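So the sequences go chain by chain: A and B.
For what it's worth, the numbering used here labels the leading residue of the first sequence as 1, then goes sequentially.
For what it's worth, the numbering used here labels the leading residue of the second sequence as 1001, then goes sequentially.
Worksheet: the structure to be examined is printed underneath.
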Amino acid sequence: MRLGFNFWLGATLTALVILAGILAQWIAPFDPVLDADLMSSELPPDATFWFGTDGQGRDVYTRILYGAQISLTVGIVSQVINSIIGVTLGMTAGYWGGWWDDLVNGLTNVMLAIPSLIFALAVMAVLGPGLPSLLIALGLTNWSWTCRIARSSTLSLKSQGYVQAAQTLGYGDLRIMFTQVLPNMMGPILVMATLGMGSAVLSEAALSFLGLGIQPPFPSWGSMLTDARQLIQLAPWAALFPGLAIFLSVLGFNLLGDGLRDSLDPHMRTRKP
Amino acid sequence: MTAPLLQVDDLHVRFPISGGGLLGTGRRALHAVNGISFELAKGECLSIVGESGCGKSTTALSILGLQEPSEGMIRFRGQPLAGPGAPGRMDRAKAVQMVFQDPYASLNPRQSVRTSLAAPLRLHGITAASEIEGRIEAMLKNVGLTPEQAGRYPHEFSGGQRQRIGIARALILEPEIVVLDEPVSALDVSIRAQIINLLLDLQEKLSLSYLMISHDLSVVEHMSDRVLVMYFGEIVEEGGWREIFEAPTHPYTRRLIAAIPDPDAALNSAAKPDLYPTMPQLVGRSFVSDGSTAPDVFTAPARSELIEIGGNHRVRMAVA
């Protein structure tokens, strides 16, 4: 399997975010919440505070490391929920067809017509702010593309000889879906999930920026941006570094997803003679 | 005389299609299979030939239970195989299996040969690992592969080897009828003869009955005991392979056989030899269609019947 530069850049950025999140407790020089000191607020980056300090005197570098935990949790959990919903609906719709297919298609079209951030906002408004409702909101709003891809993959796999062979061999529908269809469409689903992680991180930042996501004083890249907004003239670093973190991690997920798509695409793979 | 192994009686398959118009108002039915009847005896190879879209694959899918017939009966050993009273997938699996046309698309790329062969056995209640392994080993030997190859994945095999795996999978449940859907047309010409001979050997060894679907008449001539010629959903001629190939009667059959490339044609100086004896003239009857124009698939064809013209040779004609 040949993987390009983009894939490795994406993998490196993603690995950095994962390492930052996992190792935050050990490598962060300060506590993200408790080490607030108004005497040292709005300090520019220096040897002690690598990325400077924010309005409450908290170390921006520390808070970015801890913020990676939130971004990763949101990205991974929401995409797992999305993939499970999307694959279940899309695969059964494609396989069974009929009224169920019509229903799922209608639902997917409705979901695609609603801006997902607005829908997530509505879900958050019902569930209240906080990490669990954030995960549910983002998990429920972005499955439509995965569903479409799962459905179309199932439709094309269904006509493959091995699926028909499984039917003539006496396999039940669910067994065919899980042993014959699902393993052969994992590539595109994985790519969708990786690309979706980027947009989930962005959505989390947006929701936290609007005050609906992670509640202060706990750090999330989006809420750090909100806090830094009022001080953008005095302490631009407090907004710059969380912004950079969002940018680089989303870029990383997208490049990783693109790279995976290229390498898993059967058209890019040569068939052995 | 015992009942035939497989009996297809007046099989009709219609597909509803939208004939355009707003809100699908112009719904019509495409008559893909139009009153097919035939019997398949134990140990026989019956071929269905005809052009693409003539309904031969739909007929096979109905027998396999992958396509519900609109009308008619399919019986296996006298018991219904489709429609009301039909067995479930599990029971049908032991009666009829299929060898697919494209050996590249018919094997799951993520399953090793062993998994592909073991899963159906396990599904059908054979759980002892030693028995599964023994049957896989025997089957791989039967189709000319070695047991050591069981751990490999489909992409590690050539097209011909893949088709052998496809045959092994079709036979692993010991079915009595095997539907061969263009079994060699996707293979290299050099491999075809090997696969055909393998199929003939297995037929004899395991006393299988074959229902072969093909448009490759040289393969049909080599393998079949009897031949059905299908044209737009109907059987236009049926008979033993000798009758069909040596005395084709229906104009469509004649056109099909005339289309077989003749390697010696260049050697024959005569412009175009008259290959066939003159058509029999039956008083007051005419052929429904000469196969030169495509009939309308949406309207019922003219009333016609298969007329016996000697031996077990029948041809479709209408009252003129």
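For each residue, glycine too, the CB sits at the ideal point set by N, CA and C.
In this text, all values refer to a predicted model and were calculated from it rather than measured experimentally.
{"Asked": "Nearest to THR85 of chain A (by Cα), restricted to the options A:THR226, A:TRP145 and A:LEU244", "Found": "The sequence as given places Ile at residue 85 of chain A; Thr does not occur at that position. Closest by alpha carbon: A:TRP145."}
{"Asked": "Minimum length 4: unbroken alpha helix (DSSP H) runs contained in the stretch 166 to 238 of chain A", "Found": "173 to 176, 186 to 209 and 221 to 229"}
{"Asked": "GLU1068 of chain B in three-state terms, based on DSSP", "Found": "coil"}
{"Asked": "Neighbourhood of SER249 of chain A by C-beta distance below 7 Å, restricted to the same chain and skipping five residues each side", "Found": "LEU13, VAL17, SER71 and VAL201"}
{"Asked": "Nearest to SER1209 of chain B (by Cα), restricted to the options B:ILE1307, B:ARG1226, B:ILE1191 and B:ILE1195", "Found": "B:ARG1226"}
{"Asked": "Rounded straight-line distance, which links the Cα of GLY1239 of chain B to that of THR92 of chain A", "Found": "45 Å"}
{"Asked": "GLY170 of chain A: contacting residues in chain B (beta-carbon distance under 9 Å)", "Found": "GLY1088, ARG1089, MET1090, ASP1091, ARG1092, ALA1093, LYS1094, PRO1120, LEU1123, HIS1124 and LEU1173"}
{"Asked": "Any chain A beta carbon closer than 7 Å to SER1066 of chain B", "Found": "Per the sequence presented here, residue 1066 of chain B reads as Leu, with Ser not at that position. True, the Cβ-Cβ gap to chain A drops below 7 Å."}
{"Asked": "Residue of B:GLU1039, B:GLN1161, B:LYS1042 and B:HIS1012 minimising C-alpha distance to CYS1054 of chain B", "Found": "B:HIS1012"}
{"Asked": "Own chain residues within Cβ distance below 7 Å of ALA165 of chain A, not counting five before or after", "Found": "none"}
{"Asked": "Per-residue contacts from GLY161 of chain A into chain B (C-beta, under 7 Å)", "Found": "PHE1100, ASP1102, ALA1105 and SER1106"}
{"Asked": "Given 8 Å, three or more beta-carbon pairs between the stretch 1028 to 1045 of chain B and the stretch 1056 to 1065 of chain B", "Found": "yes"}
{"Asked": "Cβ shell of ALA1271 of chain B (< 6 Å), same chain only, five flanking positions each side left out", "Found": "Only weak support exists for where ALA1271 of chain B lies, its pLDDT of 49 falling under 50; the coordinates are left without a value."}
{"Asked": "Per-residue contacts from ASN274 of chain A into chain B (C-beta, under 9 Å)", "Found": "One cannot answer for residue 274 of chain A here, as it falls past the ends of chain A, which runs 1 to 273."}
{"Asked": "Touch test, the stretch 1088 to 1097 of chain B against the stretch 1163 to 1173 of chain B, Cβ-Cβ under 8 Å, three pairs minimum", "Found": "yes"}
{"Asked": "Where the alpha helix (DSSP H) containing CYS1054 of chain B begins and where it ends", "Found": "Counting along the chain, CYS1054 of chain B falls outside any alpha helix (DSSP H), and DSSP gives it neither H nor E."}
{"Asked": "Given 8 Å, three or more beta-carbon pairs between the stretch 127 to 136 of chain A and the stretch 154 to 171 of chain A", "Found": "no"}
{"Asked": "Nearest-angstrom beta carbon gap, SER1224 of chain B and TRP1241 of chain B [assumed within contact, 8 Å]", "Found": "5 Å"}
{"Asked": "Cβ shell of TRP332 of chain A (< 7 Å), same chain only, five flanking positions each side left out", "Found": "Past the boundaries of the shown model lies residue 332 of chain A; chain A is included only from 1 to 273, so the question cannot be answered."}
{"Asked": "Collapsed DSSP secondary structure at TYR95 of chain A in the structure displayed", "Found": "helix"}
{"Asked": "ALA20 of chain A: contacting residues in chain B (beta-carbon distance under 7 Å)", "Found": "Near ALA20 of chain A there are no residues of chain B at all, since even the closest Cβ is about 35 Å away, more than 7 Å."}
{"Asked": "Simplified DSSP state of ALA1318 of chain B, which is helix, strand or coil", "Found": "strand"}
{"Asked": "ALA112 of chain A classed as buried or exposed, judged by whether at least 16 other C-beta atoms fall within 10 angstroms", "Found": "Inspection of the sequence shows that residue 112 of chain A is occupied by Leu rather than by Ala. Answer is exposed; the Cβ neighbour count stays below 16."}
{"Asked": "ASN1034 of chain B - DSSP class collapsed to helix/strand/coil", "Found": "strand"}
{"Asked": "Limits of the beta strand (DSSP E) - the one that LEU1211 of chain B falls within", "Found": "1209 to 1214"}
{"Asked": "Cross-chain neighbours of ARG1169 of chain B in chain A, by beta carbon under 8 Å", "Found": "ALA165 and LEU169"}
{"Asked": "Bridge partners - GLY1116 of chain B, DSSP secondary structure assignment", "Found": "The amino acid at residue 1116 of chain B is misidentified as Gly; the sequence shows Ser. Answer by DSSP bridge pairing: none, since SER1116 of chain B is not bridged."}
{"Asked": "Within-7 Å CB hit, GLN230 of chain A to chain B", "Found": "no"}
{"Asked": "Interface partners of GLN180 of chain A on chain B, CB under 7 Å", "Found": "ASN1108"}
{"Asked": "Sheet register partners of ILE1017 of chain B (DSSP bridge)", "Found": "B:ARG1028"}
{"Asked": "Three or more C-beta pairs below 8 Å linking the stretch 1140 to 1153 of chain B and the stretch 186 to 195 of chain A", "Found": "no"}
{"Asked": "Under 9 Å from the C-beta of GLN1097 of chain B: neighbouring residues of chain A", "Found": "ALA165, THR168 and LEU169"}
{"Asked": "Helix, strand or coil at HIS1250 of chain B [DSSP, three-state]", "Found": "coil"}
{"Asked": "Buried or exposed (CB count within 10 angstroms, at least 16 for buried), SER1207 of chain B", "Found": "exposed"}
{"Asked": "Residue from B:ARG1028, B:LEU1005, B:GLN1163 and B:ASP1216 whose Cα sits closest to the Cα of ILE1017 of chain B", "Found": "B:ARG1028"}
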